[in-house]
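Below: the structure, in structure tokens.
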Amino acid sequence: MFNASRQVTWPRLQSALKKDDALEQRVEEWLGKMSLEQKVGQMIQPEIKQVTPDDIREYHLGSVLNGGGSVPNNDRYAKATDWVALADQFWDASMDDSEGRLPIPIMWGTDAVHGVGNLVGATLFPHNIALGAAQNPELLRQIGEVTAREIAATGLDWDFSPTVAVARDDRWGRTYESWSEDPDLVRAYAGEMVKGLQGQGDDRLDEHHVIATAKHFIGDGGTVNGIDRGDNVDSEETLRDIHGAGYFSAIEAGVQTVMASFNSWHGEPLHGHHHLLTTVLKEQMGFDGLVVGDWNGHAFIPGAEVLNCPHAVNAGLDIFMVPHPEWKTLFHNTVEQAKDGTIPMSRIDDAVRRILRVKLRAGLFERGKPSSRALAGKQSELGAAEHREVARRAVRESLVLLKNRNNLMPLNPKQRILLAGDGVDNISKQVGGWSITWQGTGTSMEDFPGATTLKSAFESVVGEAGGELVVSPEGETDQPVDVAVVVFGEDPYAEMQGDVQNVQYKPRDTRDWELLKSLKAKGLPVVSLFVTGRPLWVNRELNASDAFMVVWQPGTEGAGVTDVVFTDAEGQVRHPVKGKLSFSWPAQPDQAPLNMGEAGYQPLFPFGYGLEYGQSDELSDNLSEEGLKLPATEEVWELFKFRPLDAWQIEVEGGKNDRDVMTGNRVEVSTVVVDSVDREVQEDARHVRWNGEGFGLVSLATRDRQVLTDYWRSKGALVVDLKVDKAPSAQVKWLVGCGPSAVSEVDVTAELRDLEGQGWQTLVIGLDRFPDVGSDFGLVLPPEEFFTRVLEPFSLATEGTLDLTFSGIRIEKNRA
């Protein structure tokens, strides 16, 4: 916990938005008119799925938000006019002055962290890690301007951006949301992004701009082991000098809101940290805007509950972000706590004063309803050609060339080119997380009209030059080709669902490496285009490549990649490769954290590295290929934690022999439906329902056989955290399989019936309960062999009804 006796001085900052005495007088006039209930209503921020216009009237709500993937009318393809129509309803309700209500305009906040990611057709920029590699603060201001215009087209007022975290451990699942490990670069960027979003001078906070948010205050990029929502144990000097950098320039640029972080500092959650939220941010640094919480983040305070948390307000939180269906309980509890003195009225007044100040500065009192504003409802703003050009330039400037043996790149488009890898036509992989859905999964080209995939970009360039393109994700072709280009890398993820234990690229899945080696074995020059949200140990893939370019997660404008990859038809460079690493690149798979200036700094590629075309490349082809031991040798092997990990995926099979894979928030077949739901954090569990109309199965499966023998020999068990809401009406079998010809099963009907209505429980099934495997083909596998080829360690099958939710699946030694 914080030691208050030790004083550390933080800088006093001067905001570009100077104090306005006339505005402050208006704030006090409004504050003096408000009842306690009206004040507390300004401090409550529900999610749009859980609030109605009548709620806004009755509870005097000051703001709402939409989470990742949340859209008006639950219509994924809602147009700008649909967003504006709902914004109008909320605004009308907030401005209803009947029955003694005060007309205070509501604010609507959204996560537009790399463009308006919830909106089909919007321009999506490369994620922050890529923009950091561009080393161009001016570019950030332009990106902010484009993002603000596209938000304004929806009638919204407030962007929960920029993320100004200084990521210091690349295992963190939000590394790609950080511009750099270098606080100086983050400071240079943050203020420019705020200027782009909010405007400057006479244009500041006009109808073409939105309210910006610096987040997440503070230290989220420095948690122990890179664990999202974990604990930061840095000194206060380090917190100031490293993690404070982005807030300094953001506040100086006039940022109006700061979001409290999920993480703790020395064990004390930031949502309840009076010293950092009040003493440091508001008093020492002089921030006079509002502090908003993150997604139910106040509930992490010891002794607090999501619907009962006076501690957060007393610590300095001004707005509860409370995406909880029972948010009204929090409203009533906060009113009562203000009445009985648990929360001083002076603290309530300070919070509401800050909220009113932001709304008045943003001109919301004078601006009128959303549909009356200059850009509202203009679908043409979304993905406008000039906006896409800014994004395309951002892609061009962000690409980093790590290897270029014999100056293989740039490529002449007149050649015969093989385009391979699972990323060639994969828009979900290309745009990453926070793209239509929170995790960025389950999307298709229908979700990104006007976007350019790498495949279509390659086809355009090669076709125009008179070359020949052979597209084969598997790298198979009977035609002779001159060069192979392989696009591969990380699949999309967001927040804690992207946390990893080490920086080895896909430790259980070597298919990309095998593809590269197979192409090299054919004598082909191989170019790797690596899609990633963080530096990863890819020594094997580097050795198997003649050229290796990091394209990060480039967003919707894949043509920005081909702008740099190819020469013109005459063989002249069209665009130089400019990107320089804003994060150090690991030489070892367990090399995290890894930051320049720290003791023992020995990266494979240092901060600032990036080859230019024509530059000599000294990288050898015999980098160490010894990776870490697979987790199958560890005491606990996590298979599902927040999401399916590594190579695992959720598969379902229905009674009509219909099958599907869960790639988004829901998957449904004839007899089974699976939804992503919240247990402790957003979408960290899966709700499974069997309708009883025939056979139904849900499984955690992989395409690559996994070795569980060591667990079987060590008295291991399969362990699942689950909640049974409706007991099975028929027999339920837990299946472990290594293909259709080898499946072993255990009857778990009694266990599941016993767990009905018991809340969250842990079910343990010893591996020794699974018998030897027989099949219709006469195959009999003893356990020693069976457990060397497992494809589905967790499958539940029944023909009856069953309703359960699971949140964790793992294999543990010595649990049988």
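Take 226 as the starting number for the sequence shown in the working numbering and just add one per residue. Idealized CB from N, CA, C, for every residue including glycine.
Task: Host alpha helix (DSSP H) of Val656 (start-end) - done: Sequence index remark: in the sequence shown, residue 656 carries index 431 (1-based). It spans 652 to 656 - the alpha helix (DSSP H) in which Val656 sits, taken as one unbroken run.
Task: Option nearest Trp235 by Cα separation, candidates Gly455, His500, Gly780, Phe713 - done: Stepping through the sequence shown from its first residue, residue 235 is reached at position 10. Nearest option by C-alpha distance: His500.
Task: Best match in Glu1017, Ile1034, Gln367 for proximity to Val989 [C-alpha to C-alpha] - done: Sequence index remark: in the sequence shown, residue 989 carries index 764 (1-based). Residue Ile1034 is the option with its Cα nearest to Val989.
Task: Terminal residues of the alpha helix (DSSP H) in which Thr1030 lies - done: Locating residue 1030 in the sequence shown gives position 805, where the first residue counts as 1. Looking at the DSSP string, Thr1030 is not in any alpha helix (DSSP H); the run it does join, the beta strand (DSSP E), is 1026 to 1037.
- [ ] Scan the stretch 424 to 475 and note each continuous beta strand (DSSP E) run of 3 residues or more that stays entirely inside, going in chain order.
- [x] 438 to 442
TODO: Use the C-beta contact count for Gly492: other C-beta atoms within 10 angstroms, 16 or more gives buried, fewer gives exposed.
DONE: The residue given as residue 492 occupies position 267 in the sequence shown. Flag for Gly492 reads exposed.
- [ ] Starting from the C-beta of Lys507, find all residues in its chain whose C-beta is less than 7 Å away, skip the five residues before and the five after it, and write them out in chain order.
- [x] By one-based count along the sequence shown, residue 507 stands at place 282. Within the same chain, Lys507 has close Cβ partners Gly541.
Task: 6 Å Cβ shell around Pro297 - same chain, five flanking residues per side excluded - done: Locating residue 297 in the sequence shown gives position 72, counting from the first residue. Around Pro297: Ala303, Asp307, Trp308, Leu311.
Task: Straight-line gap, Ile875 to Glu859 (C-alpha atoms, nearest Å) - done: Mapped onto the sequence shown, residue 875 falls at position 650. Mapped onto the sequence shown, residue 859 falls at position 634. Spanning the two alpha carbons is a distance of roughly 23 Å.
- [ ] Could you tell me how far apart the beta carbons of Leu947 and Ser1020 are, in whole angstroms, since I believe they sit closer than 8 Å?
- [x] Locating residue 947 in the sequence shown gives position 722, where the first residue counts as 1. Locating residue 1020 in the sequence shown gives position 795, where the first residue counts as 1. About 14 Å separates the two Cβ atoms, so there is no contact after all.
Task: Assigned secondary structure, Phe713 (DSSP; H/G/I helix, E/B strand, else coil) - done: Taking the sequence shown and counting its residues from 1, one reaches residue 713 at position 488. Three-state DSSP puts Phe713 in a strand.
Open item on the list: On the DSSP bridge list, what partners appear for Glu324?
Closed with: Residue 324 sits at position 99 when you count from the first residue of the sequence shown. For Glu324, which the question treats as bridged, DSSP gives no partner whatsoever.
Task: Exposure label - Glu1037; buried when at least 16 CB within 10 Å - done: Translated into the one-based positions of the sequence shown, residue 1037 becomes position 812. Glu1037 is buried by the Cβ-count criterion.
Task: Extent of the continuous alpha helix (DSSP H) to which Glu561 belongs - done: Numbered from its first residue, the sequence shown carries residue 561 at position 336. Segment 552 to 564, the alpha helix (DSSP H) holding Glu561.
Task: Val945, buried or exposed, once every other Cβ within 10 Å from all chains shown has been counted against 16 - done: Position 720 of the sequence shown, counted from the start, is the residue given in the question as residue 945. By the 10 Å Cβ count, Val945 comes out buried.
Open item on the list: Tell me the DSSP secondary structure of Gln722 in three-state form.
Closed with: The residue labelled residue 722 in the question sits at position 497 within the sequence shown. Three-state DSSP puts Gln722 in a helix.
- [ ] Could you spell out the range, first to last residue, of the alpha helix (DSSP H) harbouring Val1044?
- [x] Here the chain has residues from 226 to 1041 only, and residue 1044 is not among them.
- [ ] Assuming Pro783 and Gln655 form a contact by the criterion Cβ under 8 Å, report the distance between their Cβ atoms to the nearest whole angstrom.
- [x] In the sequence shown, the residue the question calls residue 783 occupies position 558. In the sequence shown, the residue the question calls residue 655 occupies position 430. Reading the sequence as shown, one finds Gly at residue 783 and not Pro. Gly783 to Gln655, Cβ: 6 Å. Contact.
Open item on the list: I'd like to know whether the C-beta atoms of Leu741 and Val708 end up nearer to each other than 7 Å.
Closed with: Indexing the sequence shown from 1 puts residue 741 at position 516. Indexing the sequence shown from 1 puts residue 708 at position 483. Contact flag unset, no.
Task: Sequence ranges, beta strand (DSSP E) only - wholly within the stretch 723 to 797, length at least 3 - done: 751 to 756, 772 to 775
Task: Assigned exposure category for Tyr718 - 16 Cβ within 10 Å defines buried - done: Translated into the one-based positions of the sequence shown, residue 718 becomes position 493. So Tyr718 ends up on the buried side.
Open item on the list: What would DSSP say about Trp959, mapped onto helix, strand or coil?
Closed with: Reading the sequence shown from its first residue, position 734 is the one you call residue 959. In the structure shown, Trp959 sits in a strand (DSSP, three-state: E or B).
Open item on the list: Rounded to the nearest angstrom, what separates Glu530 and Gly522 at their Cα positions?
Closed with: Walking along the sequence shown from the start, residue 530 turns up at place 305. Walking along the sequence shown from the start, residue 522 turns up at place 297. Approximately 10 Å between the Cα atoms of the pair.
Task: The beta strand (DSSP E) enclosing Lys940, as first and last residue numbers - done: Here the question's residue 940 lines up with position 715 in the sequence shown. Looking at the DSSP string, Lys940 is not in any beta strand (DSSP E), and its letter there is neither H nor E.
- [ ] Could you name the residues that DSSP lists as bridge partners for Asn533?
- [x] Numbered from 1 along the sequence shown, position 308 holds the residue referred to as residue 533. Asn533 is bridged to Glu530.
Task: Val798 vs Leu626 beta-carbon contact at 7 Å - done: Taking the first residue of the sequence shown as position 1, residue 798 is located at position 573. Taking the first residue of the sequence shown as position 1, residue 626 is located at position 401. Not closer than 7 Å, so no.
Task: His222 and Ile526 closer than 7 Å at C-beta - done: Missing from the structure shown is residue 222; the chain here goes from 226 to 1041 and no further.
Task: Neighbour-count burial assignment, Tyr472, 16 or more Cβ in a 10 Å radius - done: The residue labelled residue 472 in the question sits at position 247 within the sequence shown. Tyr472 is buried by the Cβ-count criterion.
Task: Identity of the residues DSSP links to Ser288 by a beta bridge - done: Mapped onto the sequence shown, residue 288 falls at position 63. In DSSP, Ser288 forms a bridge with Met332.
- [ ] Could you give the DSSP three-state label for Ala645: helix, strand or coil?
- [x] Taking the sequence shown and counting its residues from 1, one reaches residue 645 at position 420. Strand.
TODO: Using the Cα positions of Lys958 and Arg891, report the straight-line distance between them to the nearest angstrom.
DONE: On the sequence shown, position 733 is the one that residue 958 refers to. On the sequence shown, position 666 is the one that residue 891 refers to. Roughly 23 Å between the two C-alpha positions.
TODO: Confirm, please, whether the CB-CB distance from Thr792 to Ala872 is below 7 Å.
DONE: Here residue 872 corresponds to residue number 647 of the sequence shown, with the count starting at 1. Here residue 792 corresponds to residue number 567 of the sequence shown, with the count starting at 1. No, they are not a contact pair.
Open item on the list: Between Val547 and the ligand ZN, is there a pair consisting of the residue's CB and a ligand heavy atom that are separated by less than 6 Å?
Closed with: Ligands displayed in this structure: none; no statement on the ligand ZN is therefore possible.
Task: Where the beta strand (DSSP E) through Ala485 begins and ends - done: Numbered from its first residue, the sequence shown carries residue 485 at position 260. That run of the beta strand (DSSP E) goes 482 to 485.
- [ ] Go ahead and label Lys584 buried or exposed: buried means 16 or more other beta carbons lie within 10 angstroms of its beta carbon, across all protein chains shown.
- [x] Here residue 584 refers to the residue found at position 359 when the sequence shown is read from its first residue. That one is buried.
TODO: Could you have a look at Met546 and say whether DSSP puts it in helix, strand or coil?
DONE: Along the sequence shown, one-based indexing puts residue 546 at 321. Strand at Met546.
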